[in-house]
Amino acid sequence: MSARLSSPSRRIAAIGAVVALVVALVATGIAIGKNSGGSGKREPAAGAAGETSPSADERQKVYAQLEKASVRRGGDDPLAVGKADAPVVLVEYADYQCSYCGKFTRDSQPELVKKYVDEGTLRIEFRNFPIFGKDSERAARASWAAGQQGRFWQFHDEIYAKTRKGDALAEDKLVDMAGSAGVKDLDKFRADLNGSASAAAVKKDQEEGYSIGVQSTPTFLVNGRPIAGAQPMSAFDEAIAQAKAAKKSDK
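In this note's numbering, the protein residues as written are 120 to 370.
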């Protein structure tokens, strides 16, 4: 999805795609970003009494839609780790002031990389999804700026090394963290942080998340399978195994 839907026809097309996807989600009882060990302001309504559970085929169709809407597989994406053609892609929507996002980064991400990314099964694609105002937006732009010098993941991990909020994400503090993360040209980093390209990149990620119904952070899609909140490693193991099996059966 483009950073700006400049023409009326594009806006109408985008709205139509969103409506179709939301209808599919509601029909199958799948909720994206439901608060479950995560941060956010909204929570989806529970299903009505007497609703039937969606079939496996119905769920798989929605997962395929969500995968198509969220996965990019850009070979030169600095906000991604893992092979572009890995069978499973985990997309993470996160905010740098979100404590649960930090917990995932410290506890689960290293294990996912070691267990699945390094051996070629999994690719992780990060999406900036700031929901807590200007401090979150500034940090999101800073992470993109670090990525322009090949140090996104080092900077990402530096921010999430502990919970940081408000003034801890002021511009000078972000520049200091960039230096600690190995960003070489801090003048360029500062310029990129404040530039229009970083704002457009963050907006693109936000619009993508909103278009598929992301409501809280962290939210994950594993080949379209939603996982919301700081879930145990077993939840990721299960989703990755299911996604890998589904991808294999499609061939």
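We treat Cβ as the ideally placed atom computed from N, Cα and C, and that holds for glycine. For clarity, every value in this text was computed on a predicted model and none was experimentally measured.
Exercise. Determine the extent of the beta strand (DSSP E) in which R242 is found, giving its start and end residues.
Key: L241 to N247
Quiz item: Mind checking whether N247 and W263 have CB atoms under 9 Å apart?
Solution: yes
Self-check item: Sufficient close CB pairs (3 or more, under 8 Å) joining the region 223-235 to the region 349-361
Solution: yes
Exercise. Determine the direct distance from the alpha carbon of F251 to that of T282, and round the result to whole angstroms.
Key: 14 Å
Quiz item: Out of curiosity, what's the CA-to-CA distance linking A183 and D204?
Solution: 16 Å
Exercise. State the beta-bridge partners of P337 as determined by DSSP.
Key: Bridge partners of P337: none, in fact.
Exercise. With a threshold of 16 other CB atoms inside 10 Å of the CB of G194, please say whether the residue is buried or exposed.
Key: exposed
Practice problem: Return the first residue and the last residue of the beta strand (DSSP E) that R344 is part of. | Solution: R344 to A347
Quiz item: For L305, which three-state DSSP category applies?
Solution: helix
Quiz item: Hey, how far is the Cα of S317 from the Cα of T240?
Solution: 30 Å
Quiz item: Among K322, Q216 and H275, which one has its Cα closest to the Cα of T336?
Solution: Q216
Quiz item: Out of A259, F339, D369 and D306, which has the shortest C-alpha to C-alpha gap to K323?
Solution: A259
Exercise. Check A168 in the structure and name its three-state DSSP category.
Key: Legend: pLDDT at A168 = 47, less than 50; position of this residue unreliable, value from coordinates given subsequently. DSSP places A168 in coil when its eight states are reduced to three.
Quiz prompt | Range covered by the beta strand (DSSP E) that runs through Y212 | solution = V207 to A213
Quiz item: Do the CB positions of R270 and V321 come within less than 9 Å of each other?
Solution: no
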